[in-house]
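Visitor:
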């Protein structure tokens, strides 16, 4: 399993939220659609709240390849990720980060079903 900068930062962020409270309240917000998929299917990802959205962003996780998130006219970053065909049923975490704010990570959950 690979360890990336986004995933490592996500773990630090979870600890800071647990002990620091609202420090991340104004950070980026990610969404995933659909929230339930079969292994091998694709999901649409969005990331809002980047300080400089023109710089883009990234999404990655154990069940998806790293993808670039690109700017939409609305200022939201978007991308499509494919759930690895070998992913077992359960919850898969996808970590999203703005290039301008790489230490502020939004994590979205996808439920992988049979």
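Numbering (mature numbering (1 follows the signal peptide of the UniProt record, and there is no 0)), first residue to last: -25 to -1, 1 to 89.
Built from N, CA and C at the ideal position, the CB exists for glycine as well.
Just so we're clear, the structure is a prediction, and the values are computed from it rather than from any experiment.
With a CB to CB cut of under 7 Å and the five nearest residues on each side skipped, what residues in its chain are close to residue 47?
Guide: Along the chain shown, one-based indexing puts residue 47 at 72. Within the same chain, residue 47 has close Cβ partners 53.
Visitor: Does the distance from the CB of residue 81 to the CB of residue 3 come in under 8 Å?
Guide: Residue 81 sits at position 106 when you count from the first residue of the chain shown. Residue 3 sits at position 28 when you count from the first residue of the chain shown. Going by C-beta atoms, residue 81 is nearer than 8 Å to residue 3.
Visitor: Assign residue 33 to one of three DSSP states: helix, strand, or coil.
Guide: Reading the chain shown from its first residue, position 58 is the one you call residue 33. Of the three classes helix, strand and coil, the one that applies to residue 33 here is strand, per DSSP.
Visitor: Check the C-beta distance from residue 90 over to residue 33 and give it rounded, since I have them as a contact under 8 Å.
Guide: Nothing can be reported for residue 90: it is not among the residues displayed for the chain, which extend from -25 to 89.
Visitor: Ends of the beta strand (DSSP E) at residue 17?
Guide: In the chain shown, residue 17 corresponds to position 42, counting from 1. Residues 17 to 23.
Visitor: Assuming residue 74 and residue 31 are in contact, meaning their beta carbons sit under 8 Å apart, how far apart are those beta carbons, in whole angstroms?
Guide: If you number the chain shown from 1, residue 74 lands on position 99. If you number the chain shown from 1, residue 31 lands on position 56. Sure, about 5 Å apart at Cβ, within 8 Å.
Visitor: Does the Cβ of residue 28 have 16 or more other Cβ atoms within 10 Å, making it buried, or fewer, making it exposed?
Guide: Against the chain shown, residue 28 aligns to sequence position 53. With 16 or more other Cβ atoms within 10 Å, it is buried.
Visitor: Which residue wins for smallest C-alpha separation from residue 77, given the options 26, 67 and 62?
Guide: To locate residue 77, count along the chain shown from 1; it is residue 102. With distances taken between Cα atoms, residue 77 lies closest to 26.
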